[in-house]
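**Student:** Chains as they are written, first to last, in our numbering: chain A, 1245 to 1539; chain B, 46 to 744. Take this structure first; my questions come after.
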């Protein structure tokens, strides 16, 4: 029999070029002005961090006893701190650490949280109960307290900052992933996979996870913003990277002592932190709105 | 209907469009119709043809991105377009009422039924509370609600679906509106409930002389309720005539094709063939330049592709949008080449074959947690939902067993129990001689391979993240059906088997239509050459023309691969068309099982009889006995004693039905009826459905 509805539309090309796919992925970002502003702010810092040596003649640790606590000038565009270090240089070198640490810690939290959420949501029953109650217990602590406990116990270092953020962030991600999993596991393609006798981990990571990626990506974007904030806070409290590393949080903390003589040393790193956080939040918000609109 | 009177509603050249990301999409073009007092106009068409958009457009209730481009809407002679929001709102409450598909979404879950009813009168008519109460009780009686006083105090969730829809209709009728717009009001209801609501609508028309615009995709329902019918296709009306003319003498090729692809109650798979409509509904973004139906029309000529036809009156009262309507109407429809031999070889299977699947006293219960504090702690008495309760049957090799019943009768649970997605608590279930009581995770891989399933919802049956090719290839890899380098070839062969071409290999599910998704799901199910495929309502969310194609495909695949099938559906006509044997289920129990033709002719189980009499038939000349079931389906948590059906049975004998389980009576070869009524009594029943063409009374 040749009759049927197989005629289909011939217009759709079978395999689209890479450029076209890239443009499709970008479409929701370009459609939202909010996301575009956010992306602008974030990419500014990324570019500065990558090309830091080209952007300033000074090193981040270079001290100049002749020029301490100066305001902005032609030589030092943002001024200098109490040890005569160029603030602009410290900011953009500081961006390097924060832009590596924040995504890295979120990635770790994502790996842990996603796995736990998938396991809890897919298996259900007592496995779910145990996993979720433990995570609830972690969530019961105020986040900042959790950071303090972990860093004080492990000692301040870049790795420990990542560990702290992972432990504090994983429960939230696990909850999100679990709720998405609970929804997706009722879909018929999951039943079809079970009827092929698939391994539960194949079902969790191959059948379920890719379909939960939208909300997870948006959530991760927001979390990178929080992580930037958290790293700033830890630095401010002296629990971040040990000095003399150019850490935005510790720059604020050090500048604070001279705030009446030289407010610039506090202003610039504060602005840097907030602009990066706002940029990430705007980007995540715009992305979420755009992806939700046509559903 | 004299034309001197002004029509209640007159729509002229209505055009509506939606703003999408890709630009303006025209959803409705050039739609005109009029409805006179006391008339019911049926608006019928497949999904996405703009029926609901017309309804919403009439009362300017479109989504924010929709707008009326053109045309006029005259309600009782006055123009509705361009009225203020406030005026329209008053009109909507007083003069025009609407009833939608989902009654639960139309009722406020926080308010009692009484409050929701009387609000209409208090707000729109300024009646006092007491007066309103009186009127509401009267209206509830009018829509045949049992015990209206008690109903007034209930909340929507305490009512059954049919009762909820009655309340919505009561609210709509309270102000005695001049026009009632009903958008698929019975689509979400079971057939027996649907029949009750349709009776009510017919009754109300006689009593209140209400003018109705009735929208539905179901040809049978439209045939039952309307006087005049407009057939819509991609946003245009293609044919408009009286209900008899539309169903008995359709003239537009689309209407004709649509009629042919609906399985009729009297048809089975040897005697008829459902010719699907080739191609698919064109996207409104990309309409063909000439006649919109030309790409799918059997009678298409060169002229059709160039010039768009106008809706014209071919015979008095019969409007058709086709250049060659006169010639086409006369031409007898010829089945396509190669079909006749197809039909003869397709024949019914003799039941002599070895049984492939045997079920004996299978019970699947769900544990239900009580609501009290004690049971929360796990100490209370355990309660069970008896989803499948003591079901026995045998399925011979290569045969099809149809399972039919209303929602909640356990037919899907039975299917899931067989494939191993649910575990039965007791009974015997053997497949090819192997015990398959264990859930799928504990079954042997070779056994898993032999049992596959096709699901209901085309939108969730395929994983949206993977290409069609990957998903069909996965079972091949799992069960090592073919070597790695042969895989792509095999997938393409399977795609061809479900009538899709190789270009679908790299497509993602979102690029496919509902019918195409279901085809891919079928290809995936048969990839590993299973011996038994369970189809759980595979066509119930598809349009009739697509359903016809899928049903034909299933039959062909069954023949080619010699697959036994269990076909689960709520649609009695589809079951009849598709199955060799049929089991009718009610509340988890089988009440009648036997060869298909025996089920559809007397003797019947009283429940089967009621089901058959409730099926809407797309033929206004067919005669159908009217048996309406009262009451609600009892909860499966606490089923009635004795015969489960006794609470609603119109043929209840007395005490014996309440106290004793019904005995199995042998009504014919492999035909069993579980009922206390003696067989002689059951044999005296008349056929429920008599089609006019066929006087033998074959139903």
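For glycine and all other residues, C-beta sits at the position ideal for the given N, C-alpha and C.
In or out: residue 1430/A buried (at least 16 other Cβ within 10 Å) or exposed?
**Tutor:** Here the question's residue 1430/A lines up with position 186 in the first chain. So residue 1430/A counts as exposed.
**Student:** Any residues in the segment 1438–1450 of chain A with a beta carbon nearer than 9 Å to a beta carbon of chain C? Which ones, in chain order?
**Tutor:** Included in the structure are the protein chains A and B, with no chain C among them.
**Student:** Strictly under 8 Å for the Cβ-Cβ distance: is residue 389/B near chain A by that measure?
**Tutor:** Your numbering for residue 389/B matches position 344 in the second chain. For residue 389/B, the pLDDT reaches just 46, beneath the cut-off of 50, and the residue's location in the model is therefore unreliable, although a value from the coordinates is still provided. With 8 Å as the cut-off, residue 389/B does not count as an interface residue toward chain A.
**Student:** For a test of the three-state rule: what should DSSP assign to residue 140/B, helix, strand or coil?
**Tutor:** Counting from 1 along the second chain, the entry for residue 140/B is found at position 95. Coil, per DSSP.
**Student:** Applying the 10 Å Cβ sphere with the 16-neighbour rule, what's the burial state of residue 296/B?
**Tutor:** As a first step, residue 296/B must be located in the second chain, where it is residue number 251. Buried: at least 16 other Cβ atoms inside 10 Å.
**Student:** Let me see if you follow: with CB-CB separation under 8 Å, is residue 1454/A close to chain B or not?
**Tutor:** In the first chain, the residue the question calls residue 1454/A occupies position 210. With 8 Å as the cut-off, residue 1454/A counts as an interface residue toward chain B.
**Student:** Please identify the residue among 735/B, 714/B, 731/B and 697/B whose C-alpha is closest to the C-alpha of residue 720/B.
**Tutor:** Working through the second chain from its first residue, we reach residue 720/B at position 675. Here the closest residue by C-alpha is 697/B.
**Student:** Classify residue 580/B as helix, strand or coil using the three-state DSSP reduction.
**Tutor:** Stepping through the second chain from its first residue, residue 580/B is reached at position 535. Reduced to three states, the DSSP call for residue 580/B is strand.
**Student:** Kindly list, in the order they appear in chain B, the residues whose Cβ is closer than 7 Å to that of residue 1432/A.
**Tutor:** Taking the first residue of the first chain as position 1, residue 1432/A is located at position 188. By Cβ distance, chain B contributes 500, 502, 505 and 506.
**Student:** Please classify residue 1373/A as buried or exposed, where buried requires at least 16 neighbouring CB atoms within 10 angstroms.
**Tutor:** Counted from its first residue, the first chain places residue 1373/A at position 129. Exposed, because fewer than 16 other Cβ atoms sit within 10 Å of the Cβ of residue 1373/A.
**Student:** Around the Cβ of residue 1322/A, are there at least 16 other Cβ atoms within 10 angstroms (buried) or fewer (exposed)?
**Tutor:** The residue you call residue 1322/A lines up with position 78 of the first chain. With 16 or more other Cβ atoms within 10 Å, it is buried.
**Student:** Per the contact definition of three or more C-beta pairs closer than 8 Å, is the segment 480–494 of chain B in contact with the segment 661–677 of chain B?
**Tutor:** Short answer: they don't touch.
**Student:** Using DSSP with H/G/I as helix, E/B as strand and the rest coil, what is residue 364/B?
**Tutor:** Along the second chain, read from residue 1 onward, the residue named residue 364/B stands at position 319. Three-state DSSP puts residue 364/B in a strand.
**Student:** In this structure, what does DSSP give as the bridge partners for residue 1330/A?
**Tutor:** Numbered from its first residue, the first chain carries residue 1330/A at position 86. DSSP, once it has assigned bridges, lists 1324/A as partnering residue 1330/A.
**Student:** For residue 493/B, which residues in chain A fall below 9 Å Cβ to Cβ?
**Tutor:** What you label residue 493/B is simply residue 448 of the second chain in a count that begins at 1. The contacting residues are 1439, 1440 and 1441.
**Student:** Whose Cβ in chain A lies nearer than 7 Å to the Cβ of residue 485/B?
**Tutor:** Against the second chain, residue 485/B aligns to sequence position 440. The contacting residues are 1438, 1439 and 1441.
**Student:** Considering only the alpha carbon of each residue, which of 1326/A, 1354/A, 1432/A and 1379/A lies closest to residue 1499/A?
**Tutor:** To locate residue 1499/A, count along the first chain from 1; it is residue 255. It is 1326/A whose Cα lies nearest to the Cα of residue 1499/A.
**Student:** What's the gap between the Cα of residue 193/B and the Cα of residue 186/B?
**Tutor:** Locating residue 193/B in the second chain gives position 148, counting from the first residue. Locating residue 186/B in the second chain gives position 141, counting from the first residue. Distance between the alpha carbons of residue 193/B and residue 186/B: 6 Å.
**Student:** Distance cutoff 8 Å, beta carbons only. Does residue 1333/A sit that close to anything in chain B?
**Tutor:** Position 89 of the first chain, counted from the first residue, corresponds to residue 1333/A. With 8 Å as the cut-off, residue 1333/A does not count as an interface residue toward chain B.
**Student:** Do residue 1472/A and residue 1532/A have their C-beta atoms closer together than 8 Å?
**Tutor:** Start at 1 with the first residue of the first chain, and residue 1472/A comes out as number 228. Start at 1 with the first residue of the first chain, and residue 1532/A comes out as number 288. Not a contact, by the Cβ cut-off of 8 Å.
**Student:** Where residue 1514/A and residue 1270/A are concerned, what is the direct C-alpha to C-alpha distance, given to the nearest angstrom?
**Tutor:** Taking the first chain and counting its residues from 1, the one referred to as residue 1514/A is at position 270. Taking the first chain and counting its residues from 1, the one referred to as residue 1270/A is at position 26. The alpha-carbon atoms of residue 1514/A and residue 1270/A are separated by roughly 31 Å.
**Student:** I want to know whether the segment 335–354 of chain B touches the segment 88–95 of chain B - three or more CB-CB distances under 8 Å.
**Tutor:** At 8 Å Cβ cutoff, the stretches do not touch.
**Student:** Does residue 58/B come out as helix, strand or coil in the three-state DSSP assignment?
**Tutor:** Here residue 58/B is taken as the residue at index 13 of the second chain, counted from 1. Note: residue 58/B maps to strand in three-state DSSP.
**Student:** Does the beta carbon of residue 218/B come closer than 8 Å to any beta carbon on chain A?
**Tutor:** Walking along the second chain from the start, residue 218/B turns up at place 173. No, no contact with chain A.
**Student:** Does the segment 260–267 of chain B come close enough to the segment 80–92 of chain B that 3 or more CB-CB pairs lie under 8 Å?
**Tutor:** Result yes; three or more Cβ-Cβ pairs closer than 8 Å.
**Student:** Under 6 Å Cβ to Cβ from residue 742/B, same chain only, skipping five residues before and after it: list those, please.
**Tutor:** For the purposes of this step, residue 742/B is identified with residue 697 of the second chain, where counting begins at 1. With a pLDDT of 38 at residue 742/B, under the threshold of 50, the predicted position of this residue should be treated as unreliable, though the coordinate-derived value follows. Around residue 742/B: 732 and 735.
**Student:** Could you list the residues in the segment 511–523 of chain B with a C-beta less than 9 Å from some C-beta on chain A, going in chain order?
**Tutor:** If the cut-off is 9 Å between Cβ atoms, the segment 511–523 of chain B has 511, 516, 519, 520 and 523 near chain A.
**Student:** Helix, strand or coil, according to DSSP, for residue 347/B in the structure here?
**Tutor:** Start at 1 with the first residue of the second chain, and residue 347/B comes out as number 302. Helix.
**Student:** Find out if the Cβ-Cβ distance for the pair residue 1293/A, residue 1340/A is shorter than 8 Å.
**Tutor:** In the first chain, residue 1293/A corresponds to position 49, counting from 1. In the first chain, residue 1340/A corresponds to position 96, counting from 1. Against a cut-off of 8 Å, the Cβ pair of residue 1340/A and residue 1293/A comes out as a contact.
**Student:** Short check: CB of residue 104/B to CB of residue 149/B, under 8 Å?
**Tutor:** Here residue 104/B refers to the residue found at position 59 of the second chain. Here residue 149/B refers to the residue found at position 104 of the second chain. No, these two residues do not count as a Cβ contact at 8 Å.
**Student:** Between residue 152/B and residue 100/B, what straight-line distance do the alpha-carbon atoms span, to the nearest angstrom?
**Tutor:** Against the second chain, residue 152/B aligns to sequence position 107. Against the second chain, residue 100/B aligns to sequence position 55. Their backbone Cα atoms lie some 20 Å apart in a straight line.
**Student:** Classify residue 729/B as helix, strand or coil using the three-state DSSP reduction.
**Tutor:** Translated into the one-based positions of the second chain, residue 729/B becomes position 684. Of the three classes helix, strand and coil, the one that applies to residue 729/B here is coil, per DSSP.
**Student:** Counting along the chain, where does the beta strand (DSSP E) carrying residue 474/B start and finish?
**Tutor:** Along the second chain, one-based indexing puts residue 474/B at 429. Segment 471–476, the beta strand (DSSP E) holding residue 474/B.
**Student:** Pull up the CB-CB distance for residue 544/B and residue 598/B, whole angstroms please, since I reckon it's below 8 Å.
**Tutor:** For the purposes of this step, residue 544/B is taken as the residue at position 499 of the second chain. For the purposes of this step, residue 598/B is taken as the residue at position 553 of the second chain. At roughly 7 Å, the Cβ-Cβ gap stays under 8 Å, so residue 544/B and residue 598/B are in contact.
**Student:** Closest Cβ-Cβ distance between residue 1435/A and chain B: below 8 Å?
**Tutor:** One-based indexing of the first chain puts residue 1435/A at position 191. Yes, because at least one Cβ of chain B sits closer than 8 Å to the Cβ of residue 1435/A.
**Student:** With C-beta atoms as the reference, is residue 1344/A less than 8 Å away from residue 1413/A?
**Tutor:** The residue labelled residue 1344/A in the question sits at position 100 within the first chain. The residue labelled residue 1413/A in the question sits at position 169 within the first chain. No, these two residues do not count as a Cβ contact at 8 Å.
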